[in-house]
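Protein chains in written order, with the working numbering: chain H, 711 to 1376; chain A, 191 to 481.
So this is what it looks like as structure tokens:
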């Protein structure tokens, strides 16, 4: 090592010291280890960080890691201890044997730093050491062990943690151990000694959280009573814990918990729970909303309605509202007339989702609401409930000024059609006859769903190209039985999008003459249509694909060439790959690049077998692309091929890049 | 011709360049006497696209990315689209009273109940819809599968043909009976009823594009009236021979009253009906009576 570097490491300027460390990275660790350890205790954190980076990236051996851990004993330099801990964390599991050796060190501070490192590495192999450390004579070490068991969320440690909590009466330890249990999921009967800890105000929240994580229904009554706790944080923890236990309990246990909660309705639980509802904290709200439904007090309905408008908890809110049954839904109907727009919309949605057909009159009224949001909700619910009377009210909304409302009507009509509602046929026919191309477009899919082929066929002859396209596409998507000639003639439409729809429909329907028609359509002048035809041929008559591609690929460029190559790759036969190779001669750099990628994807064996030939390609950029592909092979395979190719390469620019690739390999 | 504001005229050389491009594209041939007509019609496009010289416009037509679309737009202004319902009634009489009954008999004998008719150069659709109305009046065809396909090179007229709304002049030869039975009032005129629209499919086709022509399938009868008059002999020959390939043996080709296949092709025989003379694709001797 040059003296210059050593001098630089002593420089008063931190950037000079850092720069010198970077240079050390190129040397073997054995030569620079002491310098790095020294730098890990530097006064500048940037220098310390650089030293850690260099040490970690030099793949330290066991001996070097042991030496690194010894630095944890340095009592004078906190920076050095921290750098050592950081480095060992970054080394990770490779440092496990050395960490294990020090887990029983006589120095408590070292033991704690070792446990902290184990916690940061977060590997399950440290569990035995952490479990053992729960009984450490030093409270800080034992508390750290509990904390890291929580980080690993290791459920096999639950009995150890419980025993340790009972045995160790340090509040600090118990606090940490309860918090650890709060992070683990299990389902056990909580010992009395743990339950008793709830009496201590400082531990109460932790105890409830612990119940929620590992407890069973036996603690549900304690938690239920805690719903009235004057301490908001404890009340919140109890509510969340009760709900967590409820979610993972058996059906029998749930019934019992529901019945206990229901009987608490009279003791003022609703205001206590309502007070916990915070629109900004959806995670906690879920428990509150669910429990309000279980308690079944109607005074909670306005809050449940509000919660339903929050999409994160709308599902839970709906379940809660459904628990009230018809009485609850009638209550919603009574709220409706005075309600604001979002609540009116919510009520309509709830009626639909609850299958509440008695709310039909309200839904019909809501379809005419001045608010588009309410109209949308009412239309959707009318369709879900299958209210046929609503069809008359929906038809005018096909011309609604709000686009979403118009789309909702179309979706609603689809639902009616799906459910075999014959009354919708008349409405859809009216749409098909509308002056609005948008409506005619939408009617196409509906007619296809209804198998109403006569008006659908007429739409394939519409004056608006978008309508013709929709009709042809609908025939394919719904496999509607129409005269195949309709689709075949659409291949001659002047609008390329209609022709593409026809091609795609032929690929779906695959009638007897589809293959022949597609072959003829290959002569289409539009590139997009041609691409669609090729893809369709791949589906309808795969045996004819290669012939078709052979015909096209000679003069293809741009997108058409890319499509040809993609189809050839999908075919994957020897003949197809040979055609891909021919594309290496294309003038289109994108096509060449794709052809190279496709051939490279055939696997290392294919590439090595063909490398010599491919590297003799007449175009420099193509040879260069192959150099790059070969350099990604395992070095032992790549090196001789590249070295040989270098001897043949005449293009200076290609040679220079190839040289760099070869250097990188060595 | 001087383009307004540009004082540009089409040179003889430019005329030849445009003439050949158009001919190669669609077979429409402009002779020396028609130079003025071509110059006048192209001037409209040049003015619209803001070209100051014919040569610039020619370069655009030849090399621009949108050249294909421009050629289609040129077709819209070069083709004559004026037509009306029930045009050349004597020929339509031969069609509905003589040819169709003959085809019905042949088809029935072969156990078939379908009819495919092509109106080539259908313009705004009066001809295919006339055919649909006439066939609808023949009770013997009521449960038959009838397809009438109208094609044209001009996209603008196809749009109108599909819309099927017609003003007064389209009805100059139409009986009130047909107008009342098959049309309903519509904004801008009268619209053909849906039942007739269902029988007719309108498609885009350049008659010189033999490959796409085969996509139409085989026909019993082709109407191509007052279309090939715009073609020179070579293009005429190519088109009518392609028609012959598209016709079933024994199928008919109906040309305009001023059009003849004399000195063009011998692939057809001329049949003398009571109301008109019609070209027919001969049936090979061993397959008489087939279609």
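Note that CB positions come from ideal geometry on N, CA and C, so glycine has one too.
Is DSSP giving residue i helix, strand or coil here?
i: residue 1022 of chain H; result: coil
i: residue 1268 of chain H; result: helix
i: residue 930 of chain H; result: helix
i: residue 238 of chain A; result: helix
i: residue 1151 of chain H; result: helix
i: residue 340 of chain A; result: strand
i: residue 898 of chain H; result: strand
i: residue 974 of chain H; result: coil
i: residue 767 of chain H; result: helix
i: residue 194 of chain A; result: Note on residue 194 of chain A: pLDDT 48, under 50, position unreliable in the model; no value is reported.
i: residue 413 of chain A; result: strand
i: residue 861 of chain H; result: helix
i: residue 470 of chain A; result: strand
i: residue 199 of chain A; result: coil
i: residue 218 of chain A; result: strand
i: residue 446 of chain A; result: coil
i: residue 1093 of chain H; result: helix
i: residue 960 of chain H; result: coil
i: residue 815 of chain H; result: coil
i: residue 1078 of chain H; result: coil
i: residue 305 of chain A; result: strand
i: residue 1060 of chain H; result: helix
i: residue 1179 of chain H; result: helix
i: residue 277 of chain A; result: coil
Which chain A residues are close to residue i, counting only those with a beta carbon under 7 angstroms from its beta carbon?
i: residue 1195 of chain H; result: 337
i: residue 1254 of chain H; result: Simply none; closest approach about 16 angstroms.
Please name the residue in the options whose C-alpha comes closest to that of residue i.
i: residue 329 of chain A; options: A:312, A:286, A:301, A:369; result: A:286
i: residue 1016 of chain H; options: H:948, H:851, H:1004, H:1045; result: H:1045
i: residue 482 of chain A; options: A:457, A:471, A:466, A:403; result: Past the boundaries of the shown model lies residue 482 of chain A; chain A is included only from 191 to 481, so the question cannot be answered.
i: residue 263 of chain A; options: A:232, A:392, A:322, A:214; result: A:232
i: residue 777 of chain H; options: H:744, H:758, H:763; result: H:744
i: residue 1167 of chain H; options: H:1287, H:1139, H:982, H:929; result: H:1139
i: residue 304 of chain A; options: A:468, A:438, A:288, A:471; result: A:438
i: residue 1100 of chain H; options: H:756, H:1073, H:1112; result: H:1073
i: residue 848 of chain H; options: H:872, H:919, H:1039, H:818; result: H:818
i: residue 830 of chain H; options: H:1050, H:1007, H:1209, H:806; result: H:806
i: residue 832 of chain H; options: H:1330, H:950, H:860; result: H:860
i: residue 337 of chain A; options: A:392, A:366, A:225; result: A:392
i: residue 453 of chain A; options: A:444, A:424, A:288; result: A:424
i: residue 1217 of chain H; options: H:1052, H:1241, H:873, H:1162; result: H:1241
i: residue 276 of chain A; options: A:446, A:474, A:331; result: A:446
Taking residue i as the query, report the chain H residues whose CB atoms sit under 7 angstroms from its CB, ordered along the chain.
i: residue 185 of chain A; result: Here chain A comprises residues numbered 191 to 481, so residue 185 of chain A is not present and cannot be evaluated.
i: residue 384 of chain A; result: 1168
Give me the chain A residues within the contact set of residue i, using Cβ-Cβ distance strictly less than 8 angstroms, ordered along the chain.
i: residue 1230 of chain H; result: 401, 402, 404, 405
i: residue 1235 of chain H; result: 258
i: residue 1227 of chain H; result: 405
Closer than 8 angstroms by beta-carbon distance: list the chain H residues that pair up with residue i, in chain order.
i: residue 392 of chain A; result: 1171
i: residue 387 of chain A; result: 1168, 1171
i: residue 457 of chain A; result: Here the premise fails: no neighbours, minimum Cβ distance about 22 angstroms.
i: residue 395 of chain A; result: 1202
Output, in chain order, the set of chain H residues within a Cβ distance shorter than 9 angstroms of residue i.
i: residue 345 of chain A; result: 1204, 1205
Tell me whether residue i, by its Cβ, gets closer than 8 angstroms to a heavy atom of the ligand MG.
i: residue 739 of chain H; result: What this structure holds is no ligand at all, so the ligand MG is not there to describe.
Residues of the stretch 1158-1173 of chain H whose Cβ lies closer than 9 angstroms to any Cβ of chain D, in chain order: Of the chains in the structure shown, none is chain D; the protein chains are H and A.
Anything in the stretch 1178-1212 of chain H with a Cβ closer than 9 angstroms to a Cβ of chain A? List those residues in chain order, please. 1178, 1193, 1195, 1196, 1198, 1199, 1200, 1201, 1202, 1203, 1204, 1205
Could you tell me whether the stretch 271-282 of chain A touches the stretch 234-250 of chain A, using the rule of 3 or more Cβ pairs below 8 angstroms? The stretch 271-282 of chain A is not in contact with the stretch 234-250 of chain A.
Using a beta-carbon distance cut-off of less than 7 angstroms, what residues from the stretch 347-363 of chain A approach chain H? 348, 349, 352, 353
Does the stretch 204-223 of chain A touch the stretch 424-431 of chain A, meaning 3 or more C-beta pairs lie closer than 8 angstroms? yes
Could you say if the stretch 1120-1129 of chain H and the stretch 337-350 of chain A meet the contact criterion of at least three C-beta pairs nearer than 8 angstroms? no
Would you say the stretch 1103-1117 of chain H touches the stretch 1156-1171 of chain H, given that touching needs at least three Cβ pairs under 8 angstroms? no
Should the stretch 739-759 of chain H be called in touch with the stretch 775-792 of chain H, which here means at least 3 C-beta pairs below 8 angstroms? yes
If contact is defined by three or more beta carbon pairs under 8 angstroms, each pair taking one atom from either stretch, is the stretch 1347-1364 of chain H in contact with the stretch 1319-1332 of chain H? When C-beta atoms of the stretch 1319-1332 of chain H are compared with those of the stretch 1347-1364 of chain H, three or more pairs fall below 8 angstroms, so the two segments count as touching.
Pairing CB atoms from the stretch 975-995 of chain H with CB atoms from the stretch 1017-1025 of chain H, are three or more of them under 8 angstroms? At 8 angstroms Cβ cutoff, the stretches touch.
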